[in-house]
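Residue numbers (the numbering used here), protein chains in the order written: chain A, 45 to 450; chain B, 7 to 160. First the structure, in the form of structure tokens, and then the observations on it.
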């Protein structure tokens, strides 16, 4: 795999950022976009644009076909058994909200429990929190251990007779912990409990196989997979999509609308009300092709190499404290520097063109547990190199110099 | 160059050893400030005497060097001032951070103004302006006896 060549496919790296080469270490937040994805949006709007699924004219039919091609690509990419198990949403957040809303409506009652983990991003907590008020449910938290992981044993411990659904992240966006999803799902199913996986960080970095994982729901964010913003995917087993009520009402999701009653459309239309992010969905197909061309196994291997190199290098750097040490870890390193607040680190790194994130990374529950109001985070993508990690380390040393630390 | 203006020695020193980082006994007014996206938070405690002068001011909280230094310097400068003088200084400081090149108030000595001007480095860092201004907005809330949590994030 030739990273230099791959990097050239991303126009963002052609330009200087504040007179520096960009060292982009914020891919867990959002990844950069390859040219083919950017061009696809332009081309679609310039030459092929029409709304999908409605009109019979040439452009409408062609656009509908393109839109559905992405669905098929996603289905193959994640090895779902049916293309109608792929629902497009505006992002992973909406995908989780869709499940919380519809599953909550139909299956949750007062006193029922939703089991999540302390690693969850706010988007896999807040939608469930809504149900505390509307349905008087309880939310239980599987705890994170000292390594920054949530184990199968911990999940087992928190399951009760009232547990109605388990919602876990595939890969923590703070500690990088990769959770044993297959084992969690298998155990949960033995108790008759469905599992939702927040795959925001899993999908861009790990090989996905829905039939093998066997989870009930898997939420994907397009913009973290080298795709456009405004597009996400909810994978859900067909039995759920057929069983659960619709989420949003509007055009496109109906079969027949009468004054006295409405019937809803078949899958996948049932969950795609209104005009969808058509151009983005169509361009997302190029992101999938991009990932397939390189091979997710190669990306995973590359990012693991970077991670090992970074953990080693930063680990040797005095006063850098890496958060968590999970056995299975993806390309995310959250860290603190004794005596320098993460926001100051981020500002100083930015001056060297090193883009990281500082804050709680939408994981306040976890940060509260860690006793840290904020951390700094470097996260990797396919375009990162060991030079980027060296630059990160050099810039960290510059922080220490500015703050008069040894 | 810009970084040196942002992280001047005096900022680093106040950030590391903030003055008045404690809770005033028998405070008469207080207010909380919070920038949820940053995670920065301050709690200002104010004790006004019978003449409406600031007898004591202190703060608790945590945040970046800029947030802490700004709260530290601010609490030092407004002690002993009358309520309306404090308001004038706050307005002058916020105007300076927003648009003016200098401080105009006659209520501070040149030395004190120089100290405050050290915070003007944030003007080149739009994302950090909210750090410099959090404690000042919170002080305004405390003066107004506001129960609302102040924030400088939109």
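All residues carry an ideal CB built from backbone N, CA and C; glycine is no exception.
Distance between residue 399 (chain A) and residue 110 (chain B), taken at the CA atoms: about 37 Å.
Here the alpha carbons of residue 22 (chain B) and residue 244 (chain A) stand approximately 37 Å from one another.
The beta carbon of residue 387 (chain A) lies closer than 6 Å to those of 402 in the same chain, with the five residues before and after it left out. The beta-bridge partner set that DSSP reports for residue 308 (chain A) consists of A:298. Put simply, the backbone Cα of residue 277 (chain A) is about 18 Å away from that of residue 169 (chain A). Close partners of residue 388 (chain A) in chain B (Cβ separation under 7 Å): 70 and 71. In the structure shown, the three-state DSSP call for residue 280 (chain A) is strand. The DSSP-derived three-state label of residue 420 (chain A) is strand.
By the Cβ criterion, the region 277-291 of chain A is not in contact with the region 61-70 of chain A, since fewer than three pairs of Cβ atoms, one from each stretch, lie closer than 8 Å. In the DSSP assignment, residue 139 (chain B) falls within the unbroken alpha helix (DSSP H) covering 132-149.
About 6 Å separates the Cβ atoms of residue 55 (chain A) and residue 79 (chain A), confirming a contact at the 8 Å cut-off.
The three-state reading of DSSP puts residue 321 (chain A) in coil, since its state is none of H, G, I, E or B. Residue 211 (chain A) is bridged by DSSP to A:240. In this model, residue 310 (chain A) and residue 213 (chain A) are separated by some 29 Å (Cα to Cα). Where residue 38 (chain B) is concerned, the enclosing beta strand (DSSP E) starts and stops at 35-41.
For the pair residue 240 (chain A) and residue 392 (chain A), the Cα-to-Cα distance works out to about 39 Å. In chain order, 9 make up the part of chain B whose C-beta sits under 7 Å from the C-beta of residue 392 (chain A).
Counting only residues of its own chain and dropping the five nearest sequence neighbours on each side, residue 353 (chain A) has a CB closer than 6 Å to the CB of 430 and 433. For chain A, the residues of the region 23-51 of chain B that bring a beta carbon within less than 9 Å of one of its beta carbons are 42, 43, 44, 45, 46 and 47, in chain order. Look at residue 395 (chain A): its C-beta is under 8 Å from a C-beta on chain B.
With a threshold of 16 other beta carbon atoms within 10 Å, residue 53 (chain A) meets it and is buried. With respect to the 8 Å criterion, residue 418 (chain A) and residue 45 (chain B) are classified as neighbours on the basis of their beta carbons.
Straight-line measurement puts the Cα of residue 225 (chain A) at about 21 Å from the Cα of residue 131 (chain A). Residue 333 (chain A) and residue 297 (chain A) have their C-alpha atoms spaced approximately 28 Å apart. The DSSP-derived three-state label of residue 429 (chain A) is coil. A Cβ-Cβ distance of about 7 Å is found for the pair residue 450 (chain A) and residue 362 (chain A), placing them in contact under the 8 Å criterion.
By the C-beta criterion, the region 376-385 of chain A is judged to be in contact with the region 217-236 of chain A, since at least 3 inter-stretch pairs fall below 8 Å. Any Cβ of chain B closer than 8 Å to the Cβ of residue 295 (chain A) would place that residue at the interface, and such an atom is absent. Not one beta carbon of chain A lies nearer than 8 Å to the beta carbon of residue 85 (chain B). For residue 137 (chain B), the nearest CB of chain A lies under 8 Å from its own CB, placing it at the interface with that chain. Proximity of residue 18 (chain B) to chain A, defined by a Cβ-Cβ separation below 8 Å, is satisfied.
Against chain B, a Cβ distance below 9 Å from residue 107 (chain A) picks out nothing, because the smallest value is about 37 Å.
The beta carbon of residue 271 (chain A) does not come within 8 Å of any beta carbon belonging to chain B, so the residue lies off that interface. Rounded to whole angstroms, residue 319 (chain A) and residue 95 (chain A) show a C-alpha spacing of 7 Å.
Chain B has no Cβ within less than 8 Å of the Cβ of residue 290 (chain A). By the beta-carbon neighbour count (other beta carbons within 10 angstroms, threshold 16), residue 306 (chain A) is exposed.
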